[in-house]
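Mapping to full-length UniProt numbering: the sequence shown position 101 is 101, numbers consecutive. All residues carry an ideal CB built from backbone N, CA and C; glycine is no exception. Just so it is clear, the structure is predicted and the values come from calculations on it, not from any experiment. Worksheet: one structure, shown below.
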Amino acid sequence: MRNDWLFLIDLQPVFSDPSSPWATPGMDGLYRRLRPLAERFGERVLFSRFVPPADPAGSWAPYYRDWPFALDADPSIWELDADWRGGREVATHMFSKWTPEARAILSGAGEIVVGGVTTDCCVLNTVMAAMDGGAHVRLLSDGCAAGTPEIHEQALALMALRAPQIRVSTIADVMDGG
1 MRNDWLFLID
11 LQPVFSDPSS
21 PWATPGMDGL
31 YRRLRPLAER
41 FGERVLFSRF
51 VPPADPAGSW
61 APYYRDWPFA
71 LDADPSIWEL
81 DADWRGGREV
91 ATHMFSKWTP
101 EARAILSGAG
111 EIVVGGVTTD
121 CCVLNTVMAA
131 MDGGAHVRLL
141 SDGCAAGTPE
151 IHEQALALMA
161 LRAPQIRVST
171 IADVMDGG
């Protein structure tokens, strides 16, 4: 794993709590699969958090008209889930977490291993932006979740088209050093 980093996208109650309008199925299983990998990476784990903008503008204005709960929600839904608190984190209102802050933290990484939610939104946007910025990206096919298995598979297939800049593999592959 040389100087590789693990970048975990949006492991937050807004996506893991079944009562949330943005609940993503399978989060318990995803967390169980990601936990040993995060332990293996130790200090080389970066977490992202999606947070709504204070004043939605541009295309975000109609987006939040469709999702008004997000602007009035209990602020705790935007924190990391308890399992993941205490590590390095970046937060943004954008789907892509490839922010200047994330780039600065991850600069010099051999490979950026990415997992999280949702495969078709924040993971997809982050992976594509990182790849476009020249990062070596490894996407965890079993380290992401989406609204349905079909959506998850479609997003993985789309990102796999960007090989060799994006390498799709499993958590076991990473754990085994492959």
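The beta carbon of E101 is closer than 8 Å to those of V90 in its chain, skipping five residues each way along the sequence.
Per DSSP, the beta-bridge partners of T92 are F50. For I112, DSSP records a beta bridge to W5 and V137. Going by beta carbons, I77 and V137 fall outside the 8 Å limit. In this structure, G178 lies away from L8, with their beta-carbon atoms at least 8 Å apart. In the DSSP assignment, R167 falls within the beta strand (DSSP E) that extends over I166 to S169.
As computed with DSSP, C144 is found in a beta bridge with G116.
Exposure of P75 is indicated by the presence of fewer than 16 other C-beta atoms within 10 angstroms of its C-beta. Using a Cβ distance threshold of 8 Å, A145 and P68 do not count as a contacting pair. Rounded to whole angstroms, the separation of the alpha carbons of T148 and L156 is 12 Å. The closest CA to that of E43, considering only P18, L124, V123 and A109, is found on A109.
Our two residues, G143 and R32, have alpha carbons roughly 10 Å apart in a direct line.
A direct Cα-Cα distance of roughly 11 Å separates A104 from L46.
According to the DSSP assignment, V14 belongs to the alpha helix (DSSP H) that extends over P13 to S16.
D66 and P21 have their C-alpha atoms roughly 11 Å apart. Secondary-structure assignment with DSSP links V45 through a beta bridge to L6. The residues R44, G108, A109 and G110, in chain order, have a CB closer than 8 Å to that of N3 in the same chain once the five nearest residues on each side in sequence are set aside.
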